[in-house]
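Engineer:
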Amino acid sequence: MKKFMLIRHGKTRGNLERRYIGDLEEQLCEEGIHDLYSLASSGDLPHIDALISSPAVRCRQTAEILFPNIFYRICPIYEIDFGVFKGKNANDLLGNKEYEAWLETNCTGDIPGGDSVHEFKNRCCDTFQSILEASQEGTTALVIHGGNIMAILERYALPKRNFYDYHVPNCGFFLCRYEYGNLKIERNGS
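Residues 1083 to 1272 in this note's numbering are what the sequence shown lists, from first letter to last.
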């Protein structure tokens, strides 16, 4: 049986400041590192057989803290490009007409100077599909980004839910069983 543990990376300074980080490179902040060590020592993580990480430094740091004795491979799964909103938070964007228009789409419209949300979701799911096809029996942990997790679960999880219903906090995870082309969530470690 194939299982997948979808883990969101630990906190960064940008997360604490509620910034649109997306594909910007950021390291874990002190609080994020502390939270990860707490999770690692809690006994709450299941046994894993394989480990995959996004190339982002915050994901690689998370993988190394949570699973220090497990070799991991890098998979090209990236967070969304927030374009002109990148690195800013809602306060920085007050009065920005492009931002207000994007919010009116419930954040599902194309991002000015950045990704098409639709294309981003497809890119995440195409990469996950290749991981599914290459994976062996057992539990594979993926240390990735919140947007990646939401996109994958929106497409593969049963029962079907909205993209934002799968929001997971930093250091949170979903443990899923793969069967008949879908993911069945066994555990939400938020």
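C-beta atoms are modelled at their ideal positions from N, C-alpha and C, and glycine is treated no differently.
Whole angstroms is fine: what's the gap from Pro1241's alpha carbon to Lys1179's?
Structural biologist: 36 Å
Engineer: Quick one: what's got a C-beta closer than 6 Å to Asp1131's C-beta in the same chain, skipping five residues either side?
Structural biologist: Gly1220 and Thr1221
Engineer: Could you give the distance in angstroms between the alpha-carbon of His1200 and the alpha-carbon of Tyr1248?
Structural biologist: 16 Å
Engineer: Classify Glu1161: buried if its beta carbon has 16 or more other beta carbons within 10 angstroms, exposed otherwise.
Structural biologist: Glu1161 is buried by the Cβ-count criterion.
Engineer: Could you tell me the alpha carbon to alpha carbon distance between Asn1244 and Ile1115, rounded to whole angstroms?
Structural biologist: 30 Å
Engineer: Put Glu1261 into one of helix, strand or coil per three-state DSSP.
Structural biologist: Look at Glu1261 here: in three-state DSSP terms it is strand.
Engineer: What are the boundary residues of the alpha helix (DSSP H) that Lys1203 is part of?
Structural biologist: Val1199 to Ala1216
Engineer: Tell me where the beta strand (DSSP E) around Val1225 begins and ends.
Structural biologist: Gly1220 to Ile1226
Engineer: Suppose the cutoff is 6 Å on Cβ atoms and the five residues either side in sequence are ignored; what does the same chain contact list for Asn1151 look like?
Structural biologist: none
Engineer: So, does the region 1101-1111 touch the region 1163-1171, judging by three or more C-beta pairs under 8 Å?
Structural biologist: yes
Engineer: Find out if the Cβ-Cβ distance for the pair Ile1234, Phe1210 is shorter than 8 Å.
Structural biologist: For Ile1234 and Phe1210, yes; Cβs fall inside 8 Å.
Engineer: Just grab the DSSP bridge partners of Thr1094 for me.
Structural biologist: Leu1110
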